[in-house]
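Visitor: Sharing a structure with you now.
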């Protein structure tokens, strides 16, 4: 059996690790609350945005615009949203897997626009082509960042450098459920045909073609922004969970080590007593 | 007095304003527009300028920079990318931005004219709105 001193030292180190994980859990709980609040507040905006775009595209039959057509370039731009920090369970690796395991994609065709250094490093190591890096924006996503990113990818799309644009992010369903999601940003495909039918036909000023030109980038920006906000909420949710289980694992280890320690202590006392008694008997 | 309609202004970060109002005015790509209740359904694109909300005797102003507006007869929704109340504006910063943009426009050389013009329009809208405090 390990000596008392060894067990005590071991227990001390587990205890201090537990203190760290506990603190990290508390921090991410607070951050999660804030991120969730932001996601809630921005919901109205995205709903209105979606409704408008759907009603606009319900007339898409007449609209002939590059944003709505697949372009010829085989290249695909993928915006990959991960975190700058680890210790969040499978949060980062799930997104990386989502990109790597997609069977429709060939590695040479992809250009990665990373938001979040964990995903960037993992994909760069795997040999993917990297576009501009936006990792510093994920700490505190603001709308202006999303505008910058969407302008960049839309420019690439307009110049024909890329034919399709995707975004890989972690959808935030609730505190414990986060879904790695891959979303196609461009060319836009109207998935829900029903939604478009019951919408009142809107007029556009300026002309519909021009409106598409101006509104679609805003739509893309809002999608990117939404993905960033949801990812931040998911990141903190995932970290909270990971740290929670780490804390309870540590608790379990501490209990086990305490038991071992007490046993070792008791047996050393017993042994000492036996020795004393034996010594006393030998003298008398 | 005309009947009121519901005006909602949302930004990506918050619900900026939501109430029944008499009239709302702002700048669009096609020129200035004022909307009363019962307007024909229309979607317009915003140009930087001042947004004026009239609600009975009270008039509120804000600097509206980008976004678009969905107009329905009983409801107007402004999806604003950037919008500020006058007391949120840093007038000094706006003045500095105006000067910078003007210098860039007059300086010539290889500049992004559209960007400089947009910056100029934004700073002017901010300065005007800030004066209406």
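Protein chains in written order, with the working numbering: chain A, 1 to 284; chain B, 1001 to 1133. Glycine included, every Cβ here is placed at the ideal spot set by N, Cα and C.
1. Beta-carbon within less than 7 Å of residue 1049 of chain B's beta-carbon, same chain only, minus the 5 sequence neighbours each way: which residues are those?
2. Beta-carbon of residue 42 of chain A versus every beta-carbon of chain B: anything under 7 Å?
3. Since residue 1010 of chain B meets chain A, which of its residues come closer than 8 Å, beta carbon to beta carbon?
4. Taking the continuous beta strand (DSSP E) assigned at residue 180 of chain A, which residues delimit it?
5. Taking the CB atoms as reference points, tell me whether residue 1046 of chain B and residue 1067 of chain B lie closer together than 7 Å.
6. Restricting to Cα atoms, I'd like to know which of A/132, A/74 and A/115 is closest to residue 285 of chain A.
7. Can you tell me whether DSSP reads residue 262 of chain A as helix, strand or coil?
8. Using a beta-carbon distance below 7 Å, is residue 255 of chain A in contact with chain B?
9. In chain B, which residues lie with their C-beta within 8 Å of the C-beta of residue 203 of chain A?
10. Relative to the C-alpha of residue 286 of chain A, which candidate in A/185, A/31, A/88 and A/84 has its C-alpha closest?
11. Taking 7 Å as the CB-CB cut-off, is residue 215 of chain A touching chain B?
12. For residue 1095 of chain B, tell me which candidate among B/1123, B/1024, B/1057 and B/1018 has the shortest Cα-Cα distance.
13. Going by alpha carbons, who is nearest to residue 1012 of chain B out of A/257, A/276, A/222 and A/275?
14. When you compare the CB of residue 1100 of chain B with every CB in chain A, is at least one pair closer than 7 Å?
15. Cβ atoms of residue 83 of chain A and residue 118 of chain A: under 7 Å apart, would you say?
16. With 16 as the cutoff for other CB atoms within 10 Å, does residue 263 of chain A come out buried or exposed?
17. CA-CA distance, residue 186 of chain A and residue 136 of chain A?
18. Go ahead and pull the three-state DSSP assignment for residue 1042 of chain B.
19. Residue 219 of chain A to residue 158 of chain A, Cα distance in whole Å?
20. Looking at the unbroken beta strand (DSSP E) that takes in residue 150 of chain A, where does it start and where does it end?
21. Going straight from the alpha carbon of residue 124 of chain A to that of residue 149 of chain A, what length do you get?
Guide: Let's see:
1. 1026, 1027, 1064 and 1125
2. yes
3. 44, 45 and 48
4. 178 to 186
5. yes
6. Residue 285 of chain A lies beyond the range of chain A shown here (1 to 284); nothing can be said about it.
7. helix
8. no
9. 1040, 1041, 1042 and 1043
10. Any question about residue 286 of chain A goes unanswered here, given that chain A covers just 1 to 284.
11. yes
12. B/1123
13. A/222
14. no
15. yes
16. exposed
17. 24 Å
18. strand
19. 16 Å
20. Counting along the chain, residue 150 of chain A falls outside any beta strand (DSSP E), though it belongs to the alpha helix (DSSP H) covering 143 to 158.
21. 19 Å
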